[in-house]
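J.: One structure, as structure tokens, below. Some questions next.
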Amino acid sequence: MHYLFDFDGVLANSMPVWANMFVNLLKEFDLPVPEDFVKTITPLGNRGAIRYSISLGVPLDEETCYQKSFATLMDAYSNKIPLKTHVAETLRRLKNEGHTLHVLTASPHVFIDPCLRRCGIYDLFDTVWSIDDFSYSKAQVEIYDEVVARLQTTREECIFLDDNLVCLTTARRAGIPSIGVFDETSREVAEDIKRVADRYIMDFSEL
């Protein structure tokens, strides 16, 4: 079986750092924060979240926003962000059982790769994919089609784990079996995720 793991909010407890940075960016310029802001930016990646924030009125260009966020995120991913509960031991068990493990995240390699290495799990993965490695976001069906093609497998042989309702809904449309993973930042849509995903877990001890 091919396990496809989201990173932020699934493998690592990083969503508060990432999401709060963009919330604070809007607040810095006295802009209202849409109710579904975090849910909207999660599948977009760093650049996509920046562009969306600019569309909401942030009076900076994309490159200025990127440089403004880079140092904060680089420090957090390289030195601070921890794995979520039971992640490391569960990944090792799945690997020992013969499954292949892959990361499929909206975050860029420059952030996630150092975090995976620091936490000692980088080498457990057969592939670490960022959306930067594709021409699509995780909110587009095509990315899941391409993942299946790259793995030279079938949809039925894949399991996609994510904490984001949009991504899980898109994976379902693509015919990929999925597991919703609890994260505090997606608590308000947990019931919706349960309806979309094939399973729902509170942490990796349930895998």
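Basically the working numbering = 1-based index in the sequence shown + 74.
Heads up, the beta-carbon is just placed ideally off N, CA and C, and yes, glycines get one too.
A quick note: this is a predicted structure, and the numbers were derived from the prediction, not measured.
Between residue 211 and residue 236, is the Cβ-Cβ spacing less than 8 Å?
T.: Going by C-beta atoms, residue 211 is not nearer than 8 Å to residue 236.
J.: Around the Cβ of residue 244, are there at least 16 other Cβ atoms within 10 angstroms (buried) or fewer (exposed)?
T.: Classification for residue 244: buried.
J.: Could you spell out the range, first to last residue, of the beta strand (DSSP E) harbouring residue 232?
T.: Its beta strand (DSSP E) spans residues 232 to 236.
J.: May I ask you to report which of helix, strand or coil DSSP gives residue 114?
T.: Correct three-state label for residue 114: helix.
J.: Just to confirm, are residue 309 and residue 119 a CB contact at a threshold of 8 Å?
T.: Residue 309 lies beyond the stretch modelled for the chain, which goes from 75 to 281, so this question has no answer here.
J.: Where does the unbroken beta strand (DSSP E) through residue 252 begin, and where does it stop?
T.: That run of the beta strand (DSSP E) goes 252 to 255.
J.: Going by beta-carbon coordinates alone, are residue 168 and residue 77 separated by less than 8 Å?
T.: For residue 168 and residue 77, yes; Cβs fall inside 8 Å.
J.: With distance defined between alpha-carbon atoms, name the residue in 248, 129 and 116 nearest to residue 106.
T.: Selected option, being the one with the closest Cα: 129.
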